[in-house]
Amino acid sequence: CVLCFCAVLLAAGAPFLHSAWEQAYAGFTDESKSDLVEYLEGDAAFNLKLMALDALRKKTDSGVEAELEDLATGDDLRLAVAATTALGKKKTSDARDVLESLFEDSKVKKDVRLAAMTAIAAHWKDSDDLDYLDSKSKDDSDLKGHYLWLKTNVYKAK
Numbered sequence: 001c002v003l004c005f006c007a008v009l010l011a012a013g014a015p016f017l018h019s020a021w022e023q024a025y026a027g028f029t030d031e032s033k034s035d036l037v038e039y040l041e042g043d044a045a046f047n048l049k050l051m052a053l054d055a056l057r058k059k060t061d062s063g064v065e066a067e068l069e070d071l072a073t074g075d076d077l078r079l080a081v082a083a084t085t086a087l088g089k090k091k092t093s094d095a096r097d098v099l100e101s102l103f104e105d106s107k108v109k110k111d112v113r114l115a116a117m118t119a120i121a122a123h124w125k126d127s128d129d130l131d132y133l134d135s136k137s138k139d140d141s142d143l144k145g146h147y148l149w150l151k152t153n154v155y156k157a158k
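For what it's worth, this note's numbering labels the leading residue of the sequence shown as 1, then goes sequentially.
Pasting the structure below:
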């Protein structure tokens, strides 16, 4: 049957695909920060860009936060949201400052602002953030709605 044949092909190809992914990711970890940013700004497939973005996030070089901020304010919305999420995973005070800046800037795309809110809430979980997020989202119904969702689901507030 055709379905059985397809299942066998997929199962046989799965180790190869996993191995190819590991090789691609290993290649990214050896790249310099500037090479990774150049790759991210190029025309590569999105899944490869996500691997390069993760390798960039894991770099300990100073200024990685600035590179991620540039990507978060770029034209590619998917990459911008992923870069914002990567900032949250950095868990540094510099990353936190950038996330607050992205969240507060009304010129930044709404999805990026929502991702910045989520990153602040999920990666720091500081109860003082509730007041901060509330005060900065009062004038925007989308941000306010997301704040209420975060309050209920991340902070488990009553």
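C-beta atoms are modelled at their ideal positions from N, C-alpha and C, and glycine is treated no differently.
Keep in mind it's a predicted model, so treat the numbers as computed, not measured.
Euclidean distance between Cα positions of residue i and residue j
i: L50; j: V37; result: 12 Å
i: K90; j: K107; result: 24 Å
i: E31; j: K59; result: 10 Å
i: D140; j: Y132; result: 14 Å
i: K144; j: D129; result: 14 Å
i: A86; j: D142; result: 22 Å
i: F46; j: D35; result: 16 Å
Under the three-state DSSP convention, the category residue i falls into
i: E65; result: helix
i: Y155; result: coil
i: E41; result: coil
i: M117; result: helix
i: S137; result: helix
i: G145; result: helix
i: V108; result: coil
i: K125; result: coil
i: G88; result: helix
i: E100; result: helix
i: K33; result: helix
i: W21; result: Residue confidence for W21 is low, a pLDDT of 48 falling below 50, so the modelled location carries little weight and cannot support an answer.
i: K59; result: coil
i: D76; result: coil
Beta carbon of residue i nearer than 9 Å to that of residue j
i: A72; j: V98; result: yes
i: G74; j: T118; result: no
i: D94; j: E65; result: yes
i: L40; j: L77; result: no
i: Y147; j: K125; result: no
i: D134; j: K151; result: yes
i: L56; j: K33; result: yes
i: A82; j: L102; result: no
i: D105; j: R113; result: yes
Residue i: CB within 8 Å of a non-hydrogen atom of the ligand NAP
i: T152; result: The ligand NAP is absent from the structure shown, which contains no ligand whatsoever.
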